[in-house]
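The listed protein sequences correspond, in order, to chains X and C.
Here the first sequence stands for residues 1 to 223, where the numbers follow the numbering used here.
Here the second sequence stands for residues 224 to 446, where the numbers follow the numbering used here.
Taking it in order: structure first as C-alpha cells, then the write-up.
There are 2 protein chains.
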Amino acid sequence: MSRLTATGIALELKKRISAGAWQEDGRMPPERDLAQEFGVARNTVRRAVAMLEDEGAVVRHVGRGTFLTVIDPDSLAAIVSRMEGTSPADMMEIRQLLEPAAASFAATNASTSELNAVREAHQTACDSTDMPTFEHWDAEFHHRIFACSRNEFLKEIHNLMRVLRNQSPWFEMKKRSFSEERRQAYCREHQAIVDALMQRDPDGARQAMLAHLQTVGHNLLGR
Amino acid sequence: MSRLTATGIALELKKRISAGAWQEDGRMPPERDLAQEFGVARNTVRRAVAMLEDEGAVVRHVGRGTFLTVIDPDSLAAIVSRMEGTSPADMMEIRQLLEPAAASFAATNASTSELNAVREAHQTACDSTDMPTFEHWDAEFHHRIFACSRNEFLKEIHNLMRVLRNQSPWFEMKKRSFSEERRQAYCREHQAIVDALMQRDPDGARQAMLAHLQTVGHNLLGR
DNA sequence: CATAAATGGTTCACTATTGGATCACATAAG
DNA sequence: CTTATGTGATCCAATAGTGAACCATTTATG
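As C-alpha cells, this is what we get:
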C-alpha cells in the first residue's frame, strides 16, 4: 500500500463487510487490532473507520467498540450489495435475456446517428490490437446499443451489470478467456449485429445478439 | 518508442485513462514515478499532466496526488438514483421481458415446496377482499416466482423493481387502476400461471405470465 | 461495590510523500 | 541565431502517516 493508506484500508474493510465478515455479532475488531493487522498506525485505521462511519456503514461507541449498522434487507443498498455476489453464470443468463431485446428495440427506435455511434465503437474495437483497448470498445459497443434502445430502465440495468462485471472475479475470467482468435470471432459477430441494426431489422438484431452472447457465454464459462 | 515528448505522454496517459486505468481509487501515480516509468524528467511529466488538467480530465492536490475527475460516472449509487426516475412504461416493458423468463425458469427449477408457496400466495391474494391486502399478496406471488427461478441476479433485479414500484407515482397509479373486476381477472390469470408451473410446463408458464403482464400493463398505462 | 482492563476520542510533534515553482543548461528545428 | 522543448536540480507548501501519550466510557473481574 503505497500511499493514501487510510482510503485503501477503508476499501478493504468495506469489502470484508459486504463479504459477510463480523455478521455474527455485528462487531468489528478493535482499532488497535486492525492497526496491527494492517501493519499501520492506529491513527490511520481511525481515519479509515471514520470514512465508513461517514457513509453510515458503521457506528462507534466509546468503551464498547465499532458495530456494523443493521441494514434493511429491502433497501436499495442491500440489494445492490447482494448483486455484487452474482455468479457469472446467472449474469450471463440475464444478459442473454436482455441484450437481444435491447438490440431489437435499438433496431426500431435508434436514430441514424446513434446507430453510427454503435458502428464506430465496433470499428474501433476491431482495429484495436491489445486486450484492454479491445475490452473497452467492446463494452462501449454493447453500451451504445442499450443507450439507443430508448428504455431508460433497461439502460440502467446494463450499467449495473457493467459495474458488476468490472469487479475482480470477472476481470480474471475475461483475461483468461481472451485470445486473438476469439477477438476476431467477436468482431464478425458484432458486424452481423451492426448489419441487422442498419437494416432496421429487429428480429435479425435480436438473433445476431443472442448468437453472439452464446459464443461469449461459451468462452467465458467453458461449456 | 523513441523519445516521448510531453504531448506524447499526455496522449498515452489519456489512452490509459479511457482504457480504465486507475479507476479503482481514481488516483494516478505520483509524477516522480511516471517520470521514471517513461524515462523522462519530472518537468516533462508535469507538463503532460498539466495538459490533462487543462482539459479537465484530472485534478491535482498538493500532498495528495493527481486524481481522475471522472471517478465513476456509473457508480452503483448513481445508477440506482437514476433508476428511481424510471417511467412506468419503461419498467413494464422490462417486466414483460423478465417475468415470463422467470416463470419459465421456475417451472423447470423450482422444488415442489417452493411451488406450493407460490400457490399459497396466489390463494391468499384471491381470498383477500381489500386492496392493500391483495396488493401485498399479489406482490408476494410474483416475488416467490422469482425466488424459485434459481437465478440470484434475476431475483435481485426483481427486488430492485419492487422497491422502485413502492415509490409514490406507482402507488397512486395502482390505486387508480384497481377495481373488483380487475382483481378477479388477475386471480384467473394467476391461476393459469400456477397451473402451468405445477405441470412443470416452462412454455405455458411463460405465456401465461406474459398474458397476465399485458393485462396489467393495459390497466396501468391505459392502452 | 471497587478496581482493572478494554476500547473509542483527542492531541501533538515528527517524518515522508507529493504537487508547485523556479533556475541554469543542453539539444534540435526552423 | 532564435525558439522551443527537455533535463536536472533545488526549494517550498500541503497533506498523510507514525508513534506516543492521555482522556472518557463501558465492561469484566474480584
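All C-beta atoms in this analysis are idealised placements derived from N, C-alpha and C, irrespective of residue type, glycine included.
- Do you know how far the Cα of Ala103 (chain X) is from the Cα of Thr331 (chain C)? Along the second sequence, read from residue 1 onward, the residue named residue 331 (chain C) stands at position 108. Along the first sequence, read from residue 1 onward, the residue named residue 103 (chain X) stands at position 103. Roughly 27 angstroms between the two C-alpha positions.
- Item | Helix, strand or coil at Thr69 (chain X) according to DSSP, with G and I counted as helix | On the first sequence, position 69 is the one that residue 69 (chain X) refers to. Looking at Thr69 (chain X) - three-state DSSP - the assignment turns out to be coil, as it is neither helix nor strand.
- Item | Any C-beta of chain X under 8 angstroms from that of Val303 (chain C) | On the second sequence, residue 303 (chain C) is found 80 positions in, with the first residue counted as 1. Yes, its Cβ sits closer than 8 angstroms to a Cβ of chain X.
- Query: Counting along the chain, where does the alpha helix (DSSP H) carrying Arg269 (chain C) start and finish?
  - Reply: Locating residue 269 (chain C) in the second sequence gives position 46, where the first residue counts as 1. From DSSP, the alpha helix (DSSP H) with Arg269 (chain C) extends over 265 to 277.
- Item | Proximal residues of chain C, C-beta to C-beta of Leu4 (chain X) below 8 angstroms | Here the question's residue 4 (chain X) lines up with position 4 in the first sequence. Correct list: Asp248, Arg250, Arg287, Gly288.
- Message: Give me the chain C residues within the contact set of Met83 (chain X), using Cβ-Cβ distance strictly less than 7 angstroms, ordered along the chain.
- Response: The sequence position of residue 83 (chain X) within the first sequence is 83, counting from 1. By Cβ distance, chain C contributes Phe376, Glu379.
- Rounded to a whole number of angstroms, what is the C-alpha to C-alpha distance between Trp245 (chain C) and Val439 (chain C)? Taking the first residue of the second sequence as 1, we reach residue 245 (chain C) at position 22. Taking the first residue of the second sequence as 1, we reach residue 439 (chain C) at position 216. Answer to the nearest angstrom: the Cα atoms are 46 angstroms apart.
- If you drop the 5 nearest sequence neighbours on each side, which residues of the same chain put their C-beta closer than 7 angstroms to that of Val194 (chain X)? By one-based count along the first sequence, residue 194 (chain X) stands at place 194. Around Val194 (chain X): Val118, Arg119, His122.
- Item | Cβ-based contacts, 8 angstroms cut-off: residues of the region 312 to 323 of chain C near chain X | Asp313, Met314, Glu316, Ile317, Leu320, Leu321
- Using a Cβ cut-off of 8 angstroms (strictly closer), state whether Leu275 (chain C) contacts chain X. Here residue 275 (chain C) is taken as the residue at index 52 of the second sequence, counted from 1. Taking CB atoms only, Leu275 (chain C) has no neighbour in chain X less than 8 angstroms away.
- List, in order along the chain, the chain C residues whose C-beta lies closer than 8 angstroms to that of His136 (chain X)? Here residue 136 (chain X) corresponds to residue number 136 of the first sequence, with the count starting at 1. Neighbours of His136 (chain X) in chain C, taken as residues whose beta carbon is under 8 angstroms from its own, are Ser241, Ala242, Gly243 in chain order.
- Check whether the Cβ of Leu160 (chain X) lies closer than 8 angstroms to any Cβ atom in chain C. Residue 160 (chain X) sits at position 160 when you count from the first residue of the first sequence. Yes, Leu160 (chain X) lies at the interface with chain C (some Cβ there is under 8 angstroms from its Cβ).
- Would you be able to state if there are at least three C-beta pairs under 8 angstroms between the region 150 to 163 of chain X and the region 301 to 321 of chain C? yes
- Message: For chain X, check one thing: does any of its Cβ atoms lie closer than 8 angstroms to the Cβ of Ser310 (chain C)?
- Response: Translated into the one-based positions of the second sequence, residue 310 (chain C) becomes position 87. With 8 angstroms as the cut-off, Ser310 (chain C) counts as an interface residue toward chain X.
- Own chain residues within Cβ distance below 7 angstroms of Leu13 (chain X), not counting five before or after: The sequence position of residue 13 (chain X) within the first sequence is 13, counting from 1. The residues are Ala48, Leu52.
- Are any of the Cβ atoms in chain X nearer than 8 angstroms to that of Val207 (chain C)? With chain C represented from 224 up to 446, any question about residue 207 (chain C) goes unanswered, as that position is not in the structure.
- Query: Just checking my contact of Glu31 (chain X) with Val45 (chain X) at CB under 8 angstroms: how many whole Å lie between their CB atoms?
  - Reply: In the first sequence, counting from the first residue as 1, residue 31 (chain X) sits at position 31. In the first sequence, counting from the first residue as 1, residue 45 (chain X) sits at position 45. Glu31 (chain X) to Val45 (chain X), Cβ: 5 angstroms. Contact.
- Opposing strand residues paired with Arg388 (chain C) [DSSP bridges]: In the second sequence, residue 388 (chain C) corresponds to position 165, counting from 1. In the DSSP output, where bridge partners are listed per residue, Arg388 (chain C) has none listed.
- If Ser402 (chain C) and Leu443 (chain C) are in contact, beta carbons under 8 angstroms, what's the gap, nearest whole angstrom? Counting from 1 along the second sequence, the entry for residue 402 (chain C) is found at position 179. Counting from 1 along the second sequence, the entry for residue 443 (chain C) is found at position 220. The pair is not a contact, with the Cβ atoms about 12 angstroms apart (cut-off 8 angstroms).
- Query: Of all Cβ atoms in chain C, is any one closer than 8 angstroms to the Cβ of Thr108 (chain X)?
  - Reply: The residue you call residue 108 (chain X) lines up with position 108 of the first sequence. Judged by the 8 angstroms Cβ criterion, Thr108 (chain X) is not in contact with chain C.
- Item | Among C:Gly243, C:Trp360, C:Leu387, the one whose alpha carbon lies nearest that of Met314 (chain C) | Mapped onto the second sequence, residue 314 (chain C) falls at position 91. Out of C:Gly243, C:Trp360, C:Leu387, C:Leu387 has the C-alpha closest to the C-alpha of Met314 (chain C).
- Contact check, Leu4 (chain X) vs Arg250 (chain C), beta carbons under 8 angstroms: Counting from one through the first sequence, the residue named residue 4 (chain X) turns up at place 4. Counting from one through the second sequence, the residue named residue 250 (chain C) turns up at place 27. A contact, by the Cβ cut-off of 8 angstroms.
- Do you know whose CA, among X:Leu68, X:Cys126, X:Ala89, X:Glu189, lies nearest Arg373 (chain C)'s CA? Along the second sequence, read from residue 1 onward, the residue named residue 373 (chain C) stands at position 150. When only C-alpha atoms are compared, the closest one is X:Ala89.
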